[in-house]
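J.: Quick one: the structure is below, questions incoming.
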Amino acid sequence: MIDVMNIKCPHCNHDFAVDIYVGEESCNHNASLTRRTTQHINWEEISSEIEHGYAAAILSIGDTISFQLKNGKQASVSVAAINPYSQNSVAFAFDDLLWQKAMNQRDTNRGGWAHSNMADILENEILPLLPDELVAVIKPRTIVQNLSGTRYERTSKLWLPSRTEVFGEHENYKECDFGDIHFPLFKTEKSRVKALEDGTTEWYWLRSPVVGNSTGFWDVYYGGGGYSYSASGAGGVCPCFIIGKSDEEDVA
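Here it is as structure tokens:
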């Protein structure tokens, strides 16, 4: 039998609901039932728990948080990685492709992510749509890319995942995806598939330029595999962000 028990956080005294099994176990089990619980919490509380080191106690990879954008659309994000680039931090990724945009107006990846139109779109068009209380707790992240001997940096609150964060490390992309790690949320092809608002699966952009190519960026194709596309194509947009301590704070 499954029951629900409330566990009180030692830091903020907030109650978190968890599933527990009670009663005698049957020897005739031939199937497993998984139940999800829903709890109401605000972004400030989530941020506080993460910053005080309780991320793993209240969140798991794949946990989803739903909220409303300022344009009235419903959105949700999933836990992509816990403590990815600094302690007491959590990376989140949008679940659905609420936007379709071109990476650049022309077919060029010159300047990488830092100089892309997409980075401007996330900062100037999409970030303002997020609830103010969420924007207030997102930590800026500095993205570094070394391309053809030139180092490019951009610090922002929203960013697209890199090839490494989605598909894992590759020798050719150590410099392009400088310092990145593989996010557990994207460990399988199935987990990488995303859809538009109407449920239709669609490919979406990654921020990594194609090494040895001057026109394209990597993307995640319909079935969850990797592909590349010319920068002027309109692809799905999967913003990511970090709540908790930033990499700069951790170094300090």
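Numbering (numbering that gives the first Met the number 0), first residue to last: 0 to 251.
Glycine residues also receive a C-beta, built at the ideal position from the N, C-alpha and C atoms.
#1: Restricting to Cα atoms, I'd like to know which of Ile64, Thr36, Leu32 is closest to Ile242.
#2: Under the three-state reduction of DSSP, which class applies to Asn171: helix, strand or coil?
#3: Just to confirm my understanding: we take Asp94, look at its own chain, exclude 5 residues before and 5 after, and list those with CB closer than 6 Å. What are they?
#4: Within the region 209-239, note down every full alpha helix (DSSP H) run reaching 4 residues or more, in order along the chain.
#5: So the beta strand (DSSP E) Asn145 belongs to, where does it begin and stop?
#6: Inspect the beta-carbon positions of Ile60 and Ile81 and report whether they are closer than 8 Å.
#7: Could you tell me the alpha carbon to alpha carbon distance between Ile180 and Lys72, rounded to whole angstroms?
#8: Return the residue from the list Val209, Asn145, Leu159 that minimises the CA-CA distance to Leu126.
#9: Pairing CB atoms from the region 211-226 with CB atoms from the region 160-167, are three or more of them under 8 Å?
#10: Per DSSP, what kind of secondary structure is Lys72 in: helix, strand or coil?
#11: Can you confirm whether the region 189-196 touches the region 167-181 when touching is taken to mean that 3 or more C-beta pairs between the two stretches lie within less than 8 Å?
#12: Would you mind working out which of Gln104, Ala79, Gly52 sits nearest Pro183, comparing C-alpha positions?
#13: From what residue to what residue does the beta strand (DSSP E) around Lys100 run?
#14: Taking the beta carbon of Ser213 as the centre, do at least 16 other beta carbons fall within 10 Å, making it buried, or is it exposed?
#15: Is it true that the CB of Leu96 sits closer than 8 Å to the CB of Glu122?
T.: Working from what's here:
#1: For Ile242, the closest of Ile64, Thr36, Leu32 by C-alpha to C-alpha distance is Ile64.
#2: Helix at Asn171.
#3: Only residues of its own chain outside the window of five on either side were considered, and among them Ser75, Ser77 have a CB closer than 6 Å to the CB of Asp94, listed in chain order.
#4: Counting whole runs of 4 or more residues, the region 209-239 contains no alpha helix (DSSP H) stretch at all.
#5: Counting along the chain, the beta strand (DSSP E) containing Asn145 begins and ends at 140-146.
#6: Between Ile60 and Ile81, the C-beta spacing is below 8 Å.
#7: Ile180 and Lys72: Cα-Cα distance of roughly 31 Å.
#8: By alpha-carbon distance to Leu126, the top candidate from Val209, Asn145, Leu159 is Leu159.
#9: Note that the region 211-226 touches the region 160-167; at least 3 beta-carbon pairs, one per stretch, sit closer than 8 Å.
#10: Lys72: coil per DSSP, three-state reduction.
#11: By the criterion of at least three beta-carbon pairs nearer than 8 Å, the region 167-181 is not in contact with the region 189-196.
#12: Comparing Cα-Cα distances from Pro183 to each of Gln104, Ala79, Gly52, the minimum goes to Ala79.
#13: For Lys100, the enclosing beta strand (DSSP E) begins and ends at 99-101.
#14: With fewer than 16 other beta carbons inside 10 angstroms of its own, Ser213 counts as exposed.
#15: No. Outside cutoff.
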